[in-house]
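Trainee: In numbering that gives the first Met the number 0, the protein residues as written are 0 to 629.
Take a look at this one; I'll ask things after.
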Amino acid sequence: MLPSPVSHRPNPNEDPIHRPRFRVTGRILWRYLPWAAGSVLIVWLFVLHEGPFNSNLLGRPVSEHRPHGLLPPPVPDSEEVAEEEEESDPGGVEAGKPSNIWESRASTVKDAFVYAYEGYMKHAAGYDELLPINGGQVNNFNGWGTTLYDALDTMWIMGLHDTFQKSLITIAKCRFHLEPIAYAPFFETVIRTLGGLLSGYALSNETLLLTRADDLGRMLLPAFDTPSGLPMFAVNTVSGDTKMGWSPNVLWSEALSNQMEYKYLAHLTGRAEYYENSERIMKHMRNASLVNGLYPSWWDRENGAPTNEVYTVGAFADSAYEYLLKQWLLTGRSEPKALEMYLASAKGIISNLLHLTPNRKLLYVTDVSSGPSYIPSHTLEHLSCFLPGLLALGVHTIPETHLNGRDRELHAWAAEGLAETCWATYADTPSGLGPDEASMKPWPSKTGKFAKDDSDDDVKIGSRWIAHVERWEREGKPDGKPPGARIIVPEPNPDKRDWIVMKDGYLLRPETIETFYVLWKTTGEVKWRERGWAIFQSIEKHCKTKYGYASVYQVDTGSPAWKDEMPSFFLAETLKYLFLLFSEKDLIPFERYVFNTEAHPLPIFEWAGWEKEEWSIGKDDIEKPSPTVG
Ligand code: DMJ
0 MLPSPVSHRP
10 NPNEDPIHRP
20 RFRVTGRILW
30 RYLPWAAGSV
40 LIVWLFVLHE
50 GPFNSNLLGR
60 PVSEHRPHGL
70 LPPPVPDSEE
80 VAEEEEESDP
90 GGVEAGKPSN
100 IWESRASTVK
110 DAFVYAYEGY
120 MKHAAGYDEL
130 LPINGGQVNN
140 FNGWGTTLYD
150 ALDTMWIMGL
160 HDTFQKSLIT
170 IAKCRFHLEP
180 IAYAPFFETV
190 IRTLGGLLSG
200 YALSNETLLL
210 TRADDLGRML
220 LPAFDTPSGL
230 PMFAVNTVSG
240 DTKMGWSPNV
250 LWSEALSNQM
260 EYKYLAHLTG
270 RAEYYENSER
280 IMKHMRNASL
290 VNGLYPSWWD
300 RENGAPTNEV
310 YTVGAFADSA
320 YEYLLKQWLL
330 TGRSEPKALE
340 MYLASAKGII
350 SNLLHLTPNR
360 KLLYVTDVSS
370 GPSYIPSHTL
380 EHLSCFLPGL
390 LALGVHTIPE
400 THLNGRDREL
410 HAWAAEGLAE
420 TCWATYADTP
430 SGLGPDEASM
440 KPWPSKTGKF
450 AKDDSDDDVK
460 IGSRWIAHVE
470 RWEREGKPDG
480 KPPGARIIVP
490 EPNPDKRDWI
500 VMKDGYLLRP
510 ETIETFYVLW
520 KTTGEVKWRE
530 RGWAIFQSIE
540 KHCKTKYGYA
550 SVYQVDTGSP
560 AWKDEMPSFF
570 LAETLKYLFL
580 LFSEKDLIPF
590 ERYVFNTEAH
600 PLPIFEWAGW
610 EKEEWSIGKD
620 DIEKPSPTVG
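The structure is reproduced here in structure tokens:
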């Protein structure tokens with residue numbers, strides 16, 4: 000430590016020689032001049048670089064205290080945006096009123112969020128979720144108040160800073176405690192709670208959120224402690240005990256939906272174990288022997304081998320495909336194997352899981368089980384409606400060098416056609432809400448016109464979209480777009496729809512709206528916004544209760560019945576994507592953020608040199624040529 004000139008003023012009583020005063024002064028000068036000059040120089044350089052001392056003790060704006068200095072600045076909040084707009088359009092609007100219809104719609108969504116969150120806080124604070132019919136509460140995850148964590152970044156994005164600040168008090172007190180017999184589900188806790196904390200930190204720069212993310216990330220680590228590295232279903236955060244879920248198998252979605260959160264956390268904290276555990280699963284999956292680039296939905300935790308031959312992008316798989324592309328984007332495109340795995344799997348999905356209905360030519364994604372050939376179930380899950388958004392994000396972000404020509408077109412057409420069908424499942428029903436599962440009409444048997452033209456193997460070719468695309472190409476590409484990629488007109492008559500309801504609940508899920516948001520941002524086509532608004536109005540009409548919003552049954556009627564649940568993802572995802580869909584400002588640009596599977600935006604970062612070196616990042620990444628679809 001540098002000596003203080005005051006406390007070290009020479010004391011003549013301590014000086015045996017009693018030197019004359021000028022000599023004492025000269026000695027002081029001699030001892031302290033270099034330090035004083037150095038200090039002046041440092042202060043001068045600091046002021047020159049940072050401006051006057053007006054922010055905090057260090058003279059550096061708080062927002063710049065970021066690990067590695069690579070993260071983007073906090074997102075502008077919507078209140079600031081509204082103020083800016085008022086200034087730029089002073090005559091056109093009433094003071095304080097949104098400046099156009101879309102901002103007004105965004106503001107209505109914000110009101111819905113406030114209504115839902117206030118209902119939760121009033122009747123279920125401290126519990127995971129609100130029971131919206133009677134104002135009850137339920138702990139269905141870990142009992143730490145999942146809805147608050149899941150809703151955190153939505154508050155910030157909507158400019159609800161007071162609400163955000165109040166949430167910090169709860170988070171500051173939370174120690175992620177669990178009784179000995181309780182377990183936190185790993186997948187849900189990572190995507191909702193850890194994802195919420197990390198995104199809240201990235202947007203607000205509140206270090207409390209990073210500290211808690213680090214605490215939680217560490218407490219969940221025992222989940223990775225299995226022979227294969229594929230995670231356990233749940234963890235006790237106090238003892239580190241783990242347990243399996245209802246199935247002894249690891250779901251593909253559970254194995255590969257932690258890389259975004261753990262890699263970002265590794266980057267923020269420098270903890271190797273975060274990177275290594277999640278990356279071990281990536282390496283394992285990359286070395287797995289696959290059929291058509293597709294990943295089976297069940298895996299063995301002991302030996303790491305697949306335990307079924309069911310291929311789906313719905314429940315058990317969805318977010319794993321999502322994390323292949325998204326972790327490549329999140330880590331500054333520095334891990335080519337993730338992109339390579341995404342492209343290979345997208346090829347497998349397009350060639351095998353995309354099917355077409357015979358009359359309306361509705362394009363849908365379904366699951367197939369392996370047999371003599373792939374057998375499609377023809378079920379379209381609401382969960383799978385994230386896929387068009389993912390494909391569109393890929394087309395928007397993957398360079399021509401890796402996705403080009405016909406493949407690029409196939410991805411774009413598939414995105415558009417699948418989104419049209421997801422929309423049709425809402426637009427066709429009297430409630431305006433889409434079912435959790437629809438059963439799509441299969442292609443006619445061998446005697447059917449189409450199958451006869453293409454091949455005798457009806458199972459293989461009958462409804463497969465790629466076969467119809469090939470036929471359309473052979474015919475000289477009439478209408479410019481292949482069947483399945485064209486606009487669908489809503490069909491109120493159930494007999495003419497080409498689909499029937501399988502599971503009749505609308506569970507306040509986000510996937511269709513998420514896809515509309517990505518398509519609006521990447522294509523600029525206003526139809527996606529209009530459709531999002533139609534869905535929001537149906538939610539307002541059928542799902543709003545005295546205490547919040549409820550999932551509903553019987554979507555295929557004019558008056559669906561409430562189901563007593565308000566899932567936290569309604570606040571984390573559904574209302575956030577609606578708000579962003581209508582907001583006129585690009586609050587979360589794709590160039591700077593990537594949404595995790597629970598709609599928590601994480602900032603794109605680049606690995607530091609030492610991280611690459613120390614953790615061998617990208618060392619086993621060998622760029623391969625882009626696979627060809629079809
Ligand atoms: C969300 O929790 C996440 O999006 C998850 O990946 C699967 N689906 C639910 C909402 O439907």
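Even for Gly, the Cβ is constructed at its ideal location relative to N, Cα and C.
Are three or more beta carbon pairs between the stretch 237 to 251 and the stretch 190 to 197 nearer than 8 angstroms?
Mentor: No, because fewer than three Cβ pairs between the stretch 237 to 251 and the stretch 190 to 197 fall closer than 8 angstroms, the two stretches do not touch.
Trainee: In the DSSP output, what is Phe594 paired with across the bridge?
Mentor: Numbered from 1 along the sequence shown, position 595 holds the residue referred to as residue 594. Beta-bridge pairing links Phe594 to Pro600.
Trainee: How big is the Cα-Cα spacing for Asp563 and Met501?
Mentor: Looking up residue 563 in the sequence shown gives position 564. Looking up residue 501 in the sequence shown gives position 502. About 20 angstroms.
Trainee: Considering only the beta carbon of each residue, do Ala150 and Leu507 sit closer than 8 angstroms?
Mentor: Position 151 of the sequence shown holds residue 150. Position 508 of the sequence shown holds residue 507. Contact: no.
Trainee: Gly239: buried (16+ other C-beta within 10 angstroms of its C-beta) or exposed?
Mentor: What you label residue 239 is simply residue 240 of the sequence shown in a count that begins at 1. Burial call: exposed.
Trainee: What is the DSSP secondary structure of Gly331, counted as helix, strand or coil?
Mentor: By one-based count along the sequence shown, residue 331 stands at place 332. Three-state result, Gly331: coil.
Trainee: Just reading off the beta strand (DSSP E) that Met439 is part of, what are its end residues?
Mentor: The count along the sequence shown starts at 1 and reaches residue 439 at position 440. Looking at the DSSP string, the run of the beta strand (DSSP E) that includes Met439 is Glu436 to Met439.
Trainee: Under the assumption that His381 contacts Thr365 (Cβ atoms under 8 angstroms), give the Cβ distance between them as a whole number of angstroms.
Mentor: Counting from one through the sequence shown, the residue named residue 381 turns up at place 382. Counting from one through the sequence shown, the residue named residue 365 turns up at place 366. In fact, because the Cβ distance is near 13 angstroms, the residues do not count as touching under 8 angstroms.
Trainee: Give every residue of the same chain whose Cβ lies closer than 8 angstroms to the Cβ of Pro295, excluding the five residues on either side of it in the sequence, and list them in chain order.
Mentor: Translated into the one-based positions of the sequence shown, residue 295 becomes position 296. So the qualifying residues of the chain are Trp251, Pro305, Thr306, Asn307, Glu308, Val309 and Tyr310.
Trainee: Thinking Leu255 and Tyr182 are a contact (beta carbons under 8 angstroms), I'd like their distance in whole angstroms, please.
Mentor: Here the question's residue 255 lines up with position 256 in the sequence shown. Here the question's residue 182 lines up with position 183 in the sequence shown. Rounded, the Cβ-Cβ distance is 21 angstroms, inconsistent with contact.
Trainee: Where does Gln553 land, buried or exposed, given buried means 16+ other C-beta within 10 angstroms?
Mentor: As a first step, residue 553 must be located in the sequence shown, where it is residue number 554. Classification for Gln553: buried.
Trainee: Is it right to say His176 is buried, meaning 16 or more other beta carbons lie within 10 angstroms of its own, or is it exposed?
Mentor: Within the sequence shown, the letter at position 177 stands for residue 176. The residue is exposed, with fewer than 16 neighbouring Cβ atoms inside 10 Å.
Trainee: If you reduce the DSSP assignment to three classes, tell me which class Trp464 lands in.
Mentor: The sequence position of residue 464 within the sequence shown is 465, counting from 1. Three-state result, Trp464: helix.
Trainee: Expressed to the nearest angstrom, what Euclidean distance is found between the alpha-carbon atoms of Met259 and Leu209?
Mentor: Taking the first residue of the sequence shown as position 1, residue 259 is located at position 260. Taking the first residue of the sequence shown as position 1, residue 209 is located at position 210. For Met259 and Leu209, the distance between alpha carbons rounds to 15 angstroms.
Trainee: Rounded to whole angstroms, what is the Cα-Cα separation between Gly433 and Leu361?
Mentor: Mapped onto the sequence shown, residue 433 falls at position 434. Mapped onto the sequence shown, residue 361 falls at position 362. Their Cα atoms are separated by approximately 15 angstroms.
Trainee: Are the CB atoms of Ala426 and Pro489 nearer to each other than 8 angstroms?
Mentor: Indexing the sequence shown from 1 puts residue 426 at position 427. Indexing the sequence shown from 1 puts residue 489 at position 490. Contact: yes.
Trainee: Counting along the chain, where does the alpha helix (DSSP H) carrying Gln258 start and finish?
Mentor: As a working note, residue 258 is residue 259 in the sequence shown. Residues Gln258 to Thr268.
Trainee: Helix, strand or coil for Leu159? Go by DSSP, reduced to three states.
Mentor: As a working note, residue 159 is residue 160 in the sequence shown. Looking at Leu159 - three-state DSSP - the assignment turns out to be coil, as it is neither helix nor strand.
Trainee: Between the Cα of Lys609 and the Cα atoms of Arg211, Arg270 and Ala337, which residue gives the shortest distance?
Mentor: Translated into the one-based positions of the sequence shown, residue 609 becomes position 610. According to the sequence shown, residue 609 is Trp rather than Lys. Nearest of Arg211, Arg270 and Ala337 to Trp609, Cα basis: Arg270.
Trainee: Can you tell me the Cα-Cα spacing of Ile616 and Phe535, whole angstroms?
Mentor: Position 617 of the sequence shown, counted from the start, is the residue given in the question as residue 616. Position 536 of the sequence shown, counted from the start, is the residue given in the question as residue 535. Using only the alpha carbons, I get a separation of about 43 angstroms.
Trainee: Taking the alpha helix (DSSP H) that Val517 belongs to, which residues open and close that run?
Mentor: The count along the sequence shown starts at 1 and reaches residue 517 at position 518. From DSSP, the alpha helix (DSSP H) with Val517 extends over Glu510 to Thr522.
Trainee: DSSP has Tyr560 in a bridge; who is on the other side?
Mentor: The residue you call residue 560 lines up with position 561 of the sequence shown. According to the sequence as given, residue 560 is Ala; it is not Tyr. Answer is Tyr552, bridged to Ala560.
Trainee: Classify Phe449: buried if its beta carbon has 16 or more other beta carbons within 10 angstroms, exposed otherwise.
Mentor: Stepping through the sequence shown from its first residue, residue 449 is reached at position 450. Confidence at Phe449 is low in this model, with a pLDDT of 35, below 50, so the placement of that residue is unreliable and no value is reported for it.
Trainee: Who pairs with Met154 in a beta bridge, going by DSSP?
Mentor: Taking the first residue of the sequence shown as 1, we reach residue 154 at position 155. According to DSSP, which records beta bridges pairwise, Met154 is partnered with nothing at all.
Trainee: What residue ranges within the stretch 283 to 332 form continuous beta strand (DSSP E) runs of no fewer than 3 residues, ordered along the chain?
Mentor: Segments of the beta strand (DSSP E) lying fully in the stretch 283 to 332: there are none.
Trainee: Does DSSP put Gly135 in a helix, a strand or coil?
Mentor: Within the sequence shown, numbered from 1, the residue matching residue 135 stands at position 136. It is a strand residue.
Trainee: For Ser198, name the three-state secondary structure that DSSP assigns.
Mentor: Along the sequence shown, read from residue 1 onward, the residue named residue 198 stands at position 199. If DSSP states are grouped into helix, strand and coil, Ser198 belongs with the helices.
Trainee: Sort Ile180, Cys173 and Asp110 by Cα distance to Leu159 and report the nearest one.
Mentor: As a first step, residue 159 must be located in the sequence shown, where it is residue number 160. Residue Asp110 is the option with its Cα nearest to Leu159.
Trainee: With DSSP run on the structure shown, which of helix, strand or coil describes Ile349?
Mentor: One-based indexing of the sequence shown puts residue 349 at position 350. Correct three-state label for Ile349: helix.
Trainee: Could you compute how far the alpha carbon of Ala418 sits from the alpha carbon of Glu408?
Mentor: What you label residue 418 is simply residue 419 of the sequence shown in a count that begins at 1. What you label residue 408 is simply residue 409 of the sequence shown in a count that begins at 1. Near 15 angstroms, if we compare the C-alpha coordinates of Glu408 and Ala418.
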